[in-house]
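Peer 1: For the sequence shown, my numbering begins at 16 and goes up steadily by one. For every residue, glycine included, the Cβ atom is placed at its ideal position computed from N, Cα and C. As the structure is a prediction and not an experimental result, all values here were calculated from the model.
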Amino acid sequence: QVQLVESGGGLVQAGGSLRLSCAASGNIFRPNVMGWYRQAPGKQREFVAGISSEGRTNYADSVTGRFTISRDNAKNTVYLLMNSLKPDDTAVYYCNVLGVALFWGQGTQVTVSS
16 QVQLVESGGG LVQAGGSLRL SCAASGNIFR PNVMGWYRQA PGKQREFVAG ISSEGRTNYA
76 DSVTGRFTIS RDNAKNTVYL LMNSLKPDDT AVYYCNVLGV ALFWGQGTQV TVSS
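Okay, structure coming up:
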């Protein structure tokens with residue numbers, strides 16, 4: 016089993032920044048991919064960003080240039096630095112890890128006020 020715990024969410028004004036963290040524990044095998052998804056009220060969960068064990072990244076078009084994903088393999092932690100936040104970024108943000116199986120965190124709320 017793998018446990019994921021997100022932190023760093025909160026309320027921020029448009030144009031502001033937040034940094035999310037997700038710490039993984041348990042039977043974590045590499046290689047793996049860690050990622051961030053988000054779900055806004057009334058909408059489906061959508062991909063935000065992902066990063067492989069080797070550091071290769073990819074982003075949703077809507078966040079490219081504003082968000083940066085990174086990871087610390089020694090700490091089994093993935094981060095999401097979110098800059099130039101917009102009200103449309105308001106959602107519950109979930110991290111996941113895909114190795115031999117897929118595991119999800121419980122989510123952290125991000126609210127961007129206009």
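Determine the burial state of Arg-45: buried for a count of at least 16 other Cβ atoms within 10 Å of its Cβ, exposed for fewer.
Peer 2: exposed
Peer 1: Hey, Asn-98 and Ser-32 are a contact pair by Cβ (cut 8 Å); roughly how many whole angstroms apart?
Peer 2: 5 Å
Peer 1: For Ser-128, report the span of its beta strand (DSSP E) as first-last.
Peer 2: 123 to 128
Peer 1: For Gly-70, is the beta carbon positioned less than 8 Å from some heavy atom of the ligand NAP?
Peer 2: No copy of the ligand NAP occurs in the structure displayed, which carries no ligand at all.
Peer 1: Just to check my reading of the structure: Ala-38 and Val-20 have Cβ atoms closer than 8 Å, yes? What is that Cβ distance to the nearest angstrom?
Peer 2: 5 Å
Peer 1: Going by beta carbon distance, what residues of the same chain come within less than 8 Å of Leu-117, once the five residues before and after it are set aside?
Peer 2: Same-chain partners within the cutoff: Asn-111.
Peer 1: If you run the structure through DSSP and keep just helix, strand and coil, what is Asp-87?
Peer 2: strand
Peer 1: Report the rounded CA-to-CA distance for Gly-114 versus Ser-77, giving the unit in angstroms.
Peer 2: Distance between the alpha carbons of Gly-114 and Ser-77 is about 26 Å.
Peer 1: Can you check which of these residues, Tyr-108, Ala-29, Gly-120, is closest to Pro-56 by C-alpha distance?
Peer 2: For the residues Tyr-108, Ala-29, Gly-120, the minimum Cα distance to Pro-56 belongs to Tyr-108.
Peer 1: Of all the beta strand (DSSP E) runs that stay within the bounds of the region 32 to 76, which reach a length of 3 or more residues?
Peer 2: 33 to 41, 48 to 54, 61 to 67, 72 to 74
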